[in-house]
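Have a look at the structure below, then the notes.
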Amino acid sequence: MPRENEPLTARLLAATSAFTKRLDAAVLRFVRRHNVLNPGDRVLIAVSGGQDSMALLLILARLSEKLGIELAVAHFDHKLRSREEARGDQTAVRGLAAGLGLPFATAAGDVRARARRKGESIEEAARNLRFQFLAGNARRLKAGVVVLGHTVDDRAETVLLHLLRGTGLDGLVGLRPRSSWPFGRGPSLARPLLGITRADTLRYCHEAGVTPRHDPTNLLLDASRNRVRHDLLPALRRFNPRIEDALCRLGEAVAGAVDYLDAAADAEWRALVSPGEEDVTFPRRAFGSLAPALRARLLRRSVRHLAGASAELEAAHIAAVEEALAKGRGSVSLRHGLTASLGMRTVRIAAADRRSAPAMKETPLAVPGRTDLPGWIAKAEIVGLPPGEPRPRTRFEAWLDADSLSPNVVVRSRRPGDRIRPLGLGGEKKVQDLFVDAKVPREERDALPMVCAPWGIAWVVGLRIDERAALREGSRSAVRLNFRRARRNR
Numbered sequence: 475m476p477r478e479n480e481p482l483t484a485r486l487l488a489a490t491s492a493f494t495k496r497l498d499a500a501v502l503r504f505v506r507r508h509n510v511l512n513p514g515d516r517v518l519i520a521v522s523g524g525q526d527s528m529a530l531l532l533i534l535a536r537l538s539e540k541l542g543i544e545l546a547v548a549h550f551d552h553k554l555r556s557r558e559e560a561r562g563d564q565t566a567v568r569g570l571a572a573g574l575g576l577p578f579a580t581a582a583g584d585v586r587a588r589a590r591r592k593g594e595s596i597e598e599a600a601r602n603l604r605f606q607f608l609a610g611n612a613r614r615l616k617a618g619v620v621v622l623g624h625t626v627d628d629r630a631e632t633v634l635l636h637l638l639r640g641t642g643l644d645g646l647v648g649l650r651p652r653s654s655w656p657f658g659r660g661p662s663l664a665r666p667l668l669g670i671t672r673a674d675t676l677r678y679c680h681e682a683g684v685t686p687r688h689d690p691t692n693l694l695l696d697a698s699r700n701r702v703r704h705d706l707l708p709a710l711r712r713f714n715p716r717i718e719d720a721l722c723r724l725g726e727a728v729a730g731a732v733d734y735l736d737a738a739a740d741a742e743w744r745a746l747v748s749p750g751e752e753d754v755t756f757p758r759r760a761f762g763s764l765a766p767a768l769r770a771r772l773l774r775r776s777v778r779h780l781a782g783a784s785a786e787l788e789a790a791h792i793a794a795v796e797e798a799l800a801k802g803r804g805s806v807s808l809r810h811g812l813t814a815s816l817g818m819r820t821v822r823i824a825a826a827d828r829r830s831a832p833a834m835k836e837t838p839l840a841v842p843g844r845t846d847l848p849g850w851i852a853k854a855e856i857v858g859l860p861p862g863e864p865r866p867r868t869r870f871e872a873w874l875d876a877d878s879l880s881p882n883v884v885v886r887s888r889r890p891g892d893r894i895r896p897l898g899l900g901g902e903k904k905v906q907d908l909f910v911d912a913k914v915p916r917e918e919r920d921a922l923p924m925v926c927a928p929w930g931i932a933w934v935v936g937l938r939i940d941e942r943a944a945l946r947e948g949s950r951s952a953v954r955l956n957f958r959r960a961r962r963n964r
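If you want it as structure tokens, here you go:
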């Protein structure tokens with residue numbers, strides 16, 4: 475990524491003080507200690523224009539040579555401020571990126587419209603749109619890391635919020651220095667500033683000669699975070715002036731325990747679970763002999779395996795399974811239409827009995843958008859092509875060629891005589907035979923969705939994609955489909 479405008483670049487990078495040098499060194503130590511960024515990383519920096527992200531941009535520009543990384547800048551307008559303010563934010567970020575000779579990308583999204591359409595909070599809608607924008611530009615720029623400007627203050631607030639709402643160990647970790655993409659496959663997330671404070675970033679900008687904007691992301695804070703930031707933390711500082719550091723130390727200590735538990739759970743998963751099964755079954759004696767913390771992690775992993783990467787269990791569900799284990803019998807209704815059943819020799823996590831699930835009439839599938847179906851919820855996104863072969867997170871996710879589905883696509887139940895050309899089989903097959911081969915129970919077959927293009931069946935959900943709908947060399951864009959079972963009212 476070549477640099478342009480060298481005189482301005484040199485001036486910006488040379489505007490140092492004893493304080494900025496100390497902060498640069500502190501961030502460098504933090505990045506190396508936690509492996510936040512690695513030599514060769516292509517990095518996309520999310521910059522709102524506020525003090526944290528503007529300081530982040532300057533610091534990484536100064537450290538990029540030492541770290542061996544390449545930088546680009548991305549700015550997203552949530553359309554929550556006046557047009558004049560939004561234009562000022564973009565101009566400030568674009569100007570600093572240009573001054574540093576870095577590639578710059580920008581876009582806008584109507585957060586309020588999405589929130590109304592999807593039934594999301596403003597904060598959720600903004601995050602979803604922003605992350606879609608960042609993921610798209612990371613792919614375009616071949617950046618494997620998206621960098622965010624969270625500081626010590628943000629991590630402390632997150633730990634405290636989770637504590638107030640009630641959380642397990644994972645919630646006490648707060649923000650991690652480097653983590654996976656929150657929406658399945660995507661670039662890594664990195665937070666190099668988790669070792670410095672919000673006050674540090676403001677002073678850094680001033681001493682570097684850069685004027686930050688009023689951070690537009692502050693408009694996205696929910697009421698709880700605002701109260702924690704402006705009421706609770708100031709009150710706690712009367713008991714401990716360094717409360718933020720104390721909360722972050724707690725998060726780091728818990729992160730070590732969580733990593734240990736995750737590694738142990740991974741080992742037990744490999745030892746106890748047969749991969750590729752439609753359900754998740756554990757040997758009852760082996761499962762019961764594990765520590766409760768490991769059983770809880772395995773239950774949560776089972777639910778994600780069956781219902782999608784974002785599927786979660788509440789503490790009450792874990793407690794109900796533990797109670798059934800203590801009694802030696804029982805069946806527990808979980809979230810996402812799943813049930814945990816205790817047999818004589820097994821503990822089985824599977825979809826609840828769906829014999830009464832109604833068949834689906836032909837229903838148009840919203841692309842992009844959400845479609846509510848009998849017993850199912852379908853979400854469709856138009857996305858760029860993945861690098862290499864797509865890797866669906868669950869069997870209920872598929873990546874299909876967008877052009878093959880046009881001009882319209884519907885979802886329906888099976889019909890007599892339905893046929894499909896399963897990808898990789900090199901021929902045509904009856905859908906009925908597909909069900910038999912996959913051992914789909916008879917009572918479930920009418921409730922299984924089929925995604926249909928004008929030319930025929932594109933995907934039998936959870937089983938097979940038709941070769942005509944698959945991504946191929948020459949595909950221009952993809953439709954990513956996710957189906958999940960609708961929750962029953964209980």
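Each residue of the sequence shown is one higher than the one before, counting from 475 in the numbering used here. Glycine included, every Cβ here is placed at the ideal spot set by N, Cα and C.
In chain order, L799 place their CB closer than 7 angstroms to the CB of G762, counting only its own chain and leaving out the 5 sequence neighbours on each side. Between F909 and L955, the C-beta gap is not smaller than 9 angstroms, which leaves the two residues out of contact.
Classified as buried, G573 has 16 or more neighbouring CB atoms from the shown chains inside 10 Å of its CB.
For G645, the enclosing alpha helix (DSSP H) begins and ends at L643 to V647. Rounded to the nearest whole angstrom, the C-alpha separation of R950 and S878 is 11 angstroms.
Bridge pairing for C926: V884 and I931 [DSSP]. Pairing R744 with D736, the inter-Cα distance amounts to about 12 angstroms. G583 is not a Cβ neighbour of L615, given a cutoff of 9 angstroms. Fully enclosed alpha helix (DSSP H) runs of no fewer than 4 residues occupy 525 to 541 and 557 to 573 of the stretch 501 to 576, in order along the chain. If the five residues before and after I717 are omitted, its C-beta is found closer than 6 angstroms to the C-beta atoms of L710 and R711, all from its own chain and listed in chain order. Three or more Cβ pairs closer than 8 angstroms define a contact, and the stretch 630 to 637 falls short of that threshold against the stretch 605 to 622.
Contact check for V857 against V883 fails: the beta carbons are separated by 9 angstroms or more. Listed in chain order, the non-local C-beta contacts of L721 below 7 angstroms within the same chain comprise A630, V633 and L634, local neighbours out to five positions each way being set aside. Spatial neighbours of A770 in its own chain (CB-CB distance under 7 angstroms, excluding positions within 5 residues in sequence) are listed in chain order as I792. Around the beta carbon of K801, fewer than 16 other beta carbons sit within 10 angstroms, so the residue counts as exposed. The three-state reading of DSSP puts N700 in helix, counting H, G and I together. Going by DSSP, K913 is part of no alpha helix (DSSP H) at all; its letter is neither H nor E. In the three-state scheme derived from DSSP, where H, G and I count as helix and E and B as strand, P708 is classed as helix. In the structure shown, E871 falls within a strand segment according to DSSP collapsed to helix, strand and coil. For W850, DSSP records a beta bridge to L847 and R959.
For T632, the enclosing alpha helix (DSSP H) has its first and last residue at V626 to R639. A distance below 9 angstroms separates the beta carbons of G623 and S522. Bridge partners of K903 according to DSSP: I894. Residues of the same chain with a CB within less than 8 angstroms of the CB of H704, apart from the 5 flanking positions on each side, do not exist. V702 has its alpha-carbon roughly 44 angstroms from the corresponding atom of V935.
Classified as buried, W873 has 16 or more neighbouring CB atoms from the shown chains inside 10 Å of its CB.
If you ignore the 5 residues before and after E594, its C-beta comes within less than 6 angstroms of no other C-beta in its own chain. The stretch 522 to 542 and the stretch 679 to 687 touch, with no fewer than 3 CB-CB distances between them shorter than 8 angstroms. Contact between A852 and F957 holds, with the beta-carbon distance rounding to 5 angstroms and staying under 8 angstroms.
Cβ contact annotation for Q564 (same chain, cutoff 8 angstroms, sequence separation greater than five): G523, H549, D551 and T580, in chain order. In this structure, the CA atom of L541 is about 56 angstroms from the CA atom of R888. Secondary structure at A720: helix, using DSSP grouped into helix, strand and coil. In this chain, the alpha helix (DSSP H) harbouring S763 covers R758 to S763. Under the DSSP assignment, R677 falls in the alpha helix (DSSP H) whose first and last residues are R672 to E681.
Comparing alpha-carbon positions, the option among A760, A814 and A785 lying closest to V754 turns out to be A814. Excluding residues up to 5 positions away in sequence, A798, T813, A814, S815 and L816 lie with their Cβ nearer than 8 angstroms to the Cβ of S805 in the same chain.
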